[in-house]
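Heads up: the sequence lines are chains A, B and C, in that order.
Start counting at 1 in the first sequence, then tack on 321, and there's your number in our numbering.
Start counting at 1 in the second sequence, then tack on 25, and there's your number in our numbering.
Start counting at 1 in the third sequence, then tack on 5, and there's your number in our numbering.
Virtual Cβ for every residue (Gly too), placed ideally from N, Cα, C.
Computed from a prediction, not measured in an experiment: that's the story for all the values here.
Written out below as structure tokens is the structure these notes cover.
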Amino acid sequence: MLSVAILAQPVAAPLSNAGPRHARAVEWARSGDTVRLSVITPWKGARKPLEYVLLPGAPGAKRAEGEVRLPARRIVCLAAVHVGFLAALGEAGRVIAVDAGRHVYDAGVRARVADRSVMEVGSGTGLDIERLLVVKPDLVLANAVGASENASLDRLRRAGIPVLVTAEWMESDPLARAEWVRLIGMLVGKSARADSLFATVEASYRARAAEARGQKSRPTVLLGAPFRDQWFVAGGRSFMARLLRDAGAEYPWAADTTVGGVPLGFEAVLARARDADVWLHPSDWHALREGLKRDARFSSFTAFKRGDVYDHDARRRPDGADDYWESGAVRPDRVLADLVSILHGQGDSLFYYRRLPK
Amino acid sequence: MTKNPLLFPLLLLAVVSAFFLDVAFGSVSLGAREVWQGLFGGGDPTALSNVILREFRLPRAVAALVAGAGLGVAGFLLQTQFRSPLAGPAELGVSSGAGLGVAALLLAEPLLPPALLDALGPWPLAAASALGAGAAMLLVLAIAARVWDSASLLLAGLMIASACGAAIGLMQYFTDAARLKVYSLWGFGGLGGVTWPQNAVMAACVGVGLVAALALSRPLYATLLGDSAAAALGVRVRAFRVTVLLIASLLAGAITAFCGPIAFVGLAVPHLARALVRRSDPRVLQPACMLVGAALLLLCDAISHAPGPGGEGGALPLNAITSLFGAPAVLYFLLRRSGRSS
Amino acid sequence: MTGVPLFARGLSVGHGGASLFPSFDLAFHSGELVCLLGRNGAGKTTLLKTLAGLMPPLRGSVFFGENPISDLSGRERAQRAALSLADPGLPPYLLGRELVGLGRTPHAPWFASARETDDAVASRILKELECEHLADRPLGRMSDGERQRLGLARALAQDAPILLLDEPLSHLDPPAKAKMLGFLRDWARSVSGRVVVAAVHEVDLALCFADRCLLLSSGASPFFGTPEEAALGPLRTAFPGWPEYWDALGVRKGRIRVEGSGTVDAAGG
């Protein structure tokens, strides 16, 4: 059971010695200066965890496979969320390369991409190994969607570059995802700051959730948008479903047991969510009239007719970089606050979210 | 006369039955009475079943009707013009050109200024698809103006299709997973996304194409004898070839723009129609192609939405069903033909 | 030249600018069967196509009656002259009666026409050529000879006074060849204003049945005259290197007349 007590103060340091409290995809244990790290489910269907050992020492020192020397000073972030974690700790200055500048929201890093102090090295099959070698990183943070993508990172490992595959995206609990900031904190030698940040976030999140639980009404929420007449709806155990539950919403597919998405016909979605109170994340269009042009049938939804359609594009750059995926990963409490305001309040003072204009 | 006077009434009946079947199936199961009421009035217009019928089932069935008729005649036009049993809109390069347009839009979208995207109109995917199909058609037409014989023209169409496929593959390599998924969903073909306004545009284009094709029945008939013989009978072969290609491209391009590439219908329907009608006169065969095409596509769409594997989960991909029917049908006719003339 | 259904002035034909023989004048008289003879490549098919208006002449012009054919539309040309080319690739599923009915194309307006008239004409011609049994059979199930006969039937169905035929006898067996030529000659004579020009390889039969022969040899001027005149010298010039053949044929003045019943009378002379 979640504790209902609202903590107003940041919690003190002793927590750094403890492993993760919420995160399920990762486990770590500290003994002295060494941390044994195990990324339990680096991707869907992974057979074995990825094991790492974090040791203090100079980055250039001889190391074995799976060892990471700390603190890392020159970090390559192949996913925008890593930039989000570092920026939350005030350590975005350590980023020396990203996969592509247009994927990053953080203004500071963007500016440094523009003046070439941060390199763009691509990702996946387009990863430019040579460029990466030139910047001499201490650590490369990456996501791997599957075993084959992990294998393509082997080229880096063989070149002697430490690669750490993170799996924060595998977490379906918003707090679990945010807790990965504690791991990032360890990597840059700022564990205390990370732990205290996380504790604040945790407390704030729980406060909002309690606030939402105390509300009388539970509005229903519709998520996503269809392609033609095929609608991929988030499963009942997905990240969004969890977030909505914590926000005090009713999700029509809460009973579904999948973690990913469920493909449904447009008709079926209409049948279940026609009178949903709020529509979130239509994704493809950014104004109601655009949506109508795409498909006039959207007006069959009550939420559309009343204009209660929201998307997290308040902090999104024209080229698509969305802070929701960056700082939003570290601050689920802010996301939750937005949702609570939309669902139970006036829908004002939103941070990531924005009501779609006519 | 080998013509069966009952044939056309039977074909009409088949179309009507398939239409009802297609309207009856979908991811929400509706009872027979609800379907009947929805179609013929009665009941609250805002009731869910009526909304579903009016906004989802009927437009889908109408699209299948129009697209099936149009593709059937497009395939007939191309098979007659090229005198090849294997010609179809895809072989002309129309489907590949449309795919190239869609891939280009999906790949370039983040880089395009919003003004340009707005210029594509309310249906950017359809516009991109139509532009791509139009470009492929123009290329084939340009070649047709210089190349005299149909065999070379068919080869040119195949080469264009291959080139488009290669370009699309290249684009797919550089696109991210989300857009790839959108492209592959588009590639499956589907009638469920065709809304009423889109249906109106598609029906207008297909209607024009069908009327034009019917009007050209006489010269089409003469084309069966070959370019020289047709010219000797008074057909202006070069102008006629361009006209036929234009009509076939209008039909196939409009349909592909709104429904994505639909496999095999253009290829199989003329063979099926000829087997039923047993005549080669386009004045009889083209209407037969329209009816057979409509019935076939309605049936395939109904099957793709049938209760069972789809369930609440929406439809099976349309192209899978049309290929399942179409490929064996074409094979059968080819084998029968070669067996007969040897 | 009035009264002449088909003639050409200063005609020179060929492909891509290369003339096949020096330009000459041609006049075909009403009621005559003309056999077009020459080695392969001499230009028989090219000449026929040019006379039909399918190809433009390199020089000179062709006239149907009083009209230069360049003034006529494709349909009008097709109503005045029917061209039947050798062995086109025909769709195997086409029925006999459909093939013959296609000959009506120049006469029919665009879409609907009295389909009954087409069928009536087709039936009549099939009967005349003794091909009624082929009416409902697909072309793919016919012999080469049957297809060839239907090709002629289609040309006849066009109801054009001028018949231009390219190798109409090639797949027929010898008695049928003779019968066909006799039929064509009678056809030409039966109604005024008709002309048949048939390119054939069967020189012996041509000499028997044709009213006149047009001999093409590449490079040399064409010869246009009676079979007797042709037999004297021009034939040997047009087909050089084979004098024994003409001797073996026993080409002399006179004709071999073939009656419809199949008996052969040789009239010497």
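- In the structure shown, the three-state DSSP call for ILE193/B is helix.
- Under the 8 Å Cβ criterion, the stretch 483-496 of chain A does not count as touching the stretch 603-618 of chain A, having fewer than three qualifying pairs.
- Residue burial is scored here from C-beta neighbours: VAL360/A has at least 16 other C-beta atoms within 10 angstroms and is therefore classed as buried.
- The C-alpha of LEU38/C is placed about 11 Å away from the C-alpha of THR231/C.
- Shown here, GLU489/A sits in a helix according to DSSP, grouped into three states.
- The C-beta distance from GLY126/B to SER109/B rounds to 26 Å, too long to fall under 8 Å, and the pair is not in contact.
- For ASP47/B, the enclosing alpha helix (DSSP H) begins and ends at 32-49.
- In the DSSP annotation of this structure, the continuous segment of the beta strand (DSSP E) that includes ILE396/A starts and ends at 396-398.
- Contacts between PHE81/B and chain A, judged by CB atoms closer than 9 Å, involve ASP550, GLY586, PHE587, GLU588, LEU591 and ARG618 in chain order.
- Following the DSSP letters along the chain, one finds GLY79/C inside the alpha helix (DSSP H) bounded by residues 79-85.
- Annotated three-state conformation of ALA350/A is strand, per DSSP.
- CA-CA distance, VAL53/B to ASN224/B, rounds to 22 Å.
- At a cut-off of 7 Å between C-beta atoms, LEU168/C does not count as an interface residue with respect to chain B.
- Secondary structure note for PHE560/A: its alpha helix (DSSP H) is the uninterrupted segment 560-567.
- Around VAL48/B, no beta-carbon contact reaches into chain C at under 9 Å, the shortest distance being about 33 Å.
- Between GLY113/B and LEU301/B, the alpha-carbon positions lie close to 19 Å from each other.
- For the options VAL356/A, SER352/A, PRO363/A and PRO639/A, the alpha carbon positioned closest to that of ARG345/A is the one of PRO363/A.
- Between SER121/B and CYS230/B, the gap from beta carbon to beta carbon reaches 7 Å or more.
- Against chain C, a Cβ distance below 7 Å from VAL260/B picks out GLY79.
- Against chain B, the CB of PRO61/C has no partner CB under 7 Å away; the residue lies outside that interface.
- Contact with chain B is absent for PRO73/C, since none of that chain's Cβ atoms lies less than 7 Å from the residue's Cβ.
- The DSSP-derived three-state label of CYS40/C is strand.
- Contact between TYR631/A and TYR674/A is confirmed by a C-beta separation of about 5 Å, below the 8 Å threshold.
- Along the stretch 237-270 of chain B, going in chain order, the ones with a CB nearer than 7 Å to a CB of chain C are LEU239, ALA240, SER242, ARG243, TYR246, ALA247, LEU249, LEU250, GLY251, SER253, ALA254, ALA256, ALA257, LEU258, GLY259, VAL260 and ARG261.
- Here the alpha carbons of ARG14/C and LEU52/C stand approximately 13 Å from one another.
- Boundaries of the beta strand (DSSP E) harbouring ASP632/A: 630-632, taken from the DSSP string.
- In the DSSP assignment, ASP171/C falls within the beta strand (DSSP E) that extends over 167-171.
- Taking the beta carbon of SER662/A as reference, no residue of chain B falls within 7 Å; the closest one sits roughly 28 Å away.
- Rounded to whole angstroms, the Cβ separation of GLN106/B and THR248/B is 6 Å, and the two are in contact under 8 Å.
- Taken through DSSP and simplified to helix, strand or coil, TRP600/A comes out as strand.
- Nearest C-alpha to SER223/C among GLY21/C, PRO93/C, GLY150/C and ASN45/C: ASN45/C.
- For GLY156/C, same chain residues with a beta-carbon under 6 Å away, outside a window of 5 residues either side, are SER89 in chain order.
- Burial check for HIS138/C: the Cβ neighbour count within 10 Å stays below 16, so the residue is exposed.
- Pairwise C-beta distances place the stretch 66-85 of chain B out of contact with the stretch 346-365 of chain B, as fewer than three of them are shorter than 8 Å.
- Those residues of the stretch 432-448 of chain A placed with their C-beta closer than 7 Å to a C-beta in chain B do not exist.
- Between THR347/B and chain A, the shortest Cβ-Cβ separation is not below 7 Å.
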